[in-house]
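Only one structure is covered here, and it is reproduced in the block below.
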Amino acid sequence: MNYEGKTKIVKVTGDYALLEFKDDITAGDGLKHDVLTGKGSICAETTAILMKYLSEKGIKTHLVEYIPPRTLKVIPLKMFPLEVVVRLKKAGSFVRRYGGVEGEDLPVPLVEFFIKDDERHDPMVCVDHLEILGIATREQAEKMKEAAVKITLALKEFFERANFELWDIKYEFGLDKDGNVVLGDEISPDTFRLRKKGEIFDKDVYRRDLGDPLKKYREVLELCRSLNSQ
Ligand code: C5P
């Protein structure tokens, strides 16, 4: 069975699935769209390095192996139709909703749930919504929250070794065949905000037309490769 999303193709084959990263980049619920040759391979390898790092920290992810240039072999998950965002600093839709200044610290990591639904502009929901709408049980939602914060703090530590700041990040979780909540999808400049001394190394370069996003994505991959080999 194959599913095609905005930036990935999922092929389920027997005990595993193949996640093929496309060169597409989108923003604004898919309204802004371009194809950047090479982006798929950059995001696939970045995800593979970061998920391997997480598994070394005892965090379960769907990654089995990276198949160069643009594919990840993963365990199949029954995905929650959710985006789980963790914020360490104020930015993006947080500032639009609640005010404040981009880059200001939040006192503790903030976890937000959004239903994946472009037509409704990904509505933000709380744990009660997830339960009442039959999307996740309270226990599953709490497990996602706990894992999301743990993963974020591990990644913050990873990037801090090179004086990069992780501002916020989005995850997607699913259930494995035993019902465990497992991290799926990707971790790349498409899904986090990463800054160094005011310089932007993430999809905001594309969202805000600030130059060549791929140049920054490549620099993040190089950074991950070098931190991974230390
Ligand atoms: O736009 P917002 O501030 O809510 O984004 C928070 C974080 O989640 C950012 O790092 C952004 O790149 C990521 N995100 C994402 N996919 C979305 C929405 C947000 O990866 N559909």
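Just so you know, the sequence shown maps onto residues 1 to 230 in full-length UniProt numbering. We put the beta carbon where it would ideally sit given N, CA and C, even for glycine. For clarity, every value in this text was computed on a predicted model and none was experimentally measured.
**Prompt:** Quick one: Cα of G28 to Cα of I200, how far?
**Reply:** As a working note, residue 28 is residue 28 in the sequence shown. As a working note, residue 200 is residue 200 in the sequence shown. Each residue's alpha carbon lies about 18 Å from the other.
**Request:** Could you pull the start and end residues of the alpha helix (DSSP H) that K143 belongs to?
**Result:** Residue numbering aside, residue 143 sits at position 143 when the sequence shown is read from its first letter. Per DSSP, K143 belongs to the alpha helix (DSSP H) from R138 to E160.
**Request:** Classify A44 as helix, strand or coil using the three-state DSSP reduction.
**Result:** As a first step, residue 44 must be located in the sequence shown, where it is residue number 44. Of the three classes helix, strand and coil, the one that applies to A44 here is helix, per DSSP.
**Asked** Which one or two residues does DSSP pair with K8 in a beta bridge?
**Response** To locate residue 8, count along the sequence shown from 1; it is residue 8. Per DSSP, F21.
**Prompt:** Roughly how many angstroms lie between the CA atoms of V95 and K156, to the nearest whole one?
**Reply:** Within the sequence shown, the letter at position 95 stands for residue 95. Within the sequence shown, the letter at position 156 stands for residue 156. Going from the Cα of V95 to the Cα of K156 covers about 21 Å.
**Item:** One or two residues paired with F173 in a DSSP bridge
**Value:** For the purposes of this step, residue 173 is taken as residue 173 along the sequence shown, with counting starting at 1. Paired residue(s): L183.
**Prompt:** Quick one: is L221 buried, meaning 16 or more other Cβ sit within 10 Å of its Cβ, or exposed?
**Reply:** Position 221 of the sequence shown, counted from the start, is the residue given in the question as residue 221. By the 16-neighbour rule on beta-carbons within 10 angstroms, L221 is buried.
**Request:** List the endpoints of the continuous alpha helix (DSSP H) containing K215.
**Result:** In the sequence shown, the residue the question calls residue 215 occupies position 215. Start and end: P213 to N228.
**Message:** For K149 and P109, which I take to be in contact (beta-carbon distance under 8 Å), what is that distance rounded to the nearest angstrom?
**Reply:** To locate residue 149, count along the sequence shown from 1; it is residue 149. To locate residue 109, count along the sequence shown from 1; it is residue 109. Note that residue 149 is Val in the sequence shown, not Lys. At roughly 5 Å, the Cβ-Cβ gap stays under 8 Å, so V149 and P109 are in contact.
**Request:** With a threshold of 7 Å, establish whether the CB of T191 neighbours any heavy atom of ligand 1.
**Result:** The residue given as residue 191 occupies position 191 in the sequence shown. At least one heavy atom of ligand 1 is nearer than 7 Å to the Cβ of T191, so yes.
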